[in-house]
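**Student:** Take a look at this one; I'll ask things after.
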Amino acid sequence: MIQALFKSEGWKSSLLITVVIACCYAGAIQLNNLLLFNWLEFDRGRFLVFVPAGLKFLLLMCLRGAAVPGLILGITVASRGMFPELSLVGCLAMGLGLTLSAVLAIAGGTRLLRVSFPWTQIHKGHLLALLAVMALADALASQWLLTALQLDTAEGFLREVGQGALGRMMGSILVLAAFVWLRRGAQPNLS
26 MIQALFKSEG
36 WKSSLLITVV
46 IACCYAGAIQ
56 LNNLLLFNWL
66 EFDRGRFLVF
76 VPAGLKFLLL
86 MCLRGAAVPG
96 LILGITVASR
106 GMFPELSLVG
116 CLAMGLGLTL
126 SAVLAIAGGT
136 RLLRVSFPWT
146 QIHKGHLLAL
156 LAVMALADAL
166 ASQWLLTALQ
176 LDTAEGFLRE
186 VGQGALGRMM
196 GSILVLAAFV
206 WLRRGAQPNL
216 S
């Protein structure tokens, strides 16, 4: 059923995919921020372990462009909840900026590493390099947007980018480890 949904070219299936991704991503942000790692928040909305970054990475690596509208919508909705004083345009800027920074980081990283979809030549080193590039780009975009939207000051900009990149990297490694563990469990045992 899921494969048929992704193969379908109708606008209804595209809309459904967008809404499902948006709900999953916004939900992952809320789960991370309120339940799992709220004790690791180093600044308003920024965490030393940010699991949704790994989900974003996985979605972009697996679904590529199909994940972009859902991520934009999910981040926009989550931004509205995290920063109620931010206008809808500001929330949309967060959604666009934080999604496009990850897309561009992955695109640039894959080009530099000379790997491409369907990722048959990718190995652990490539994944870690792509994670690091995306984490840094995402943290940089996040801090820049928070400063530009006057939700933070430029004081300690590089320190906050470094902490944000570390949190995104840690969260991404957790998600990838869980993905590999689940994938191994789903494979049939041939012995």
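Its first residue numbered 26, the sequence shown is counted upward by one per residue in this note's numbering. We put the beta carbon where it would ideally sit given N, CA and C, even for glycine.
#1: Buried or exposed for Gln168, please, with buried defined as at least 16 other CB atoms from any protein chain shown within 10 angstroms of its CB.
#2: For Leu75, which residues does DSSP report across the bridge?
#3: Exposed or buried, what is Ile27 when buried is set at 16 or more other beta-carbons lying within 10 Å of its beta-carbon?
#4: In terms of residue numbering, what span does the alpha helix (DSSP H) encompassing Pro94 cover?
#5: Any chance you could list the alpha helix (DSSP H) runs of at least 4 consecutive residues sitting entirely within the region 100 to 153, in chain order?
#6: Using 8 Å as the threshold, is the C-beta distance between Leu155 and Thr124 below it?
#7: Counting beta carbon pairs with one atom in the region 188 to 198 and one in the region 75 to 82, are three or more of them shorter than 8 Å?
#8: Taking the alpha-carbon of Val74 as reference, which of Ser197, Trp206, Phe204 has the nearest alpha-carbon?
**Tutor:** Once the coordinates are examined:
#1: buried
#2: The displayed chain sequence assigns Phe, not Leu, to residue 75. Phe75 is not bridged by DSSP to any residue.
#3: With a pLDDT of only 49 at Ile27, under 50, the local geometry of the prediction cannot be trusted, and no value is derived from it.
#4: 93 to 107 is the extent of the alpha helix (DSSP H) around Pro94.
#5: 113 to 138
#6: For Leu155 and Thr124, no; Cβs fall outside 8 Å.
#7: yes
#8: Considering only alpha carbons, the answer is Ser197.
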